[in-house]
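Residue numbers (the working numbering): 226 to 313. Each residue gets a CB set at the ideal place from its N, CA and C atoms; glycine is no exception.
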Amino acid sequence: MMLEPGTIIRGNWSSIEYRVDHCGRHDGYWWINGKCVNNPLQSGHFSYLGKRHGNEVKVVDPNRPEDKLIIIKETRKPPNQTSFLHLL
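Given below as structure tokens:
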């Protein structure tokens, strides 16, 4: 489960918020790259992301068992034309 670009996130140990730029998958986990909301020159990378539970995403790295990603504000992709086919 990846997040849409534009979604606002932060780590559970930080107050710095990031806007998601890119998401990807690698070896059974997924990752996010983002830019700081208050300082676009600052970037952040979150890796070893696992399953989502509500507004939290667990970090599956065994060296960081208490870490998680917090979803602050989620953006949704606008529906495309094919998403309306079930209404016909």
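Please list the segments of the beta strand (DSSP E) lying wholly inside the region 227-273, counting only runs of 3 or more residues, in order along the chain.
-> 233-236, 243-251 and 254-261
Strand pairing of Arg277, partner residues [DSSP] | As a first step, residue 277 is located in the sequence shown; it is residue number 52 there, counting from the start. Per DSSP, the beta bridge partners of Arg277 are Val282.
Which residues DSSP lists as bridging Ile220, in chain order | Because residue 220 is not part of the residues shown, which for the chain are 226 to 313, the question remains open.
Cβ neighbours of Gly236 in the same chain (closer than 6 Å, five flanking residues each side left out) = Residue 236 sits at position 11 when you count from the first residue of the sequence shown. Here the set comprises nothing.
Who are the Cβ neighbours of Asn258 in its own chain at under 6 Å, not counting the five residues just before and after it?
-> Here the question's residue 258 lines up with position 33 in the sequence shown. Closer than 6 Å at Cβ, skipping near neighbours: Asp246, His247 and His270.
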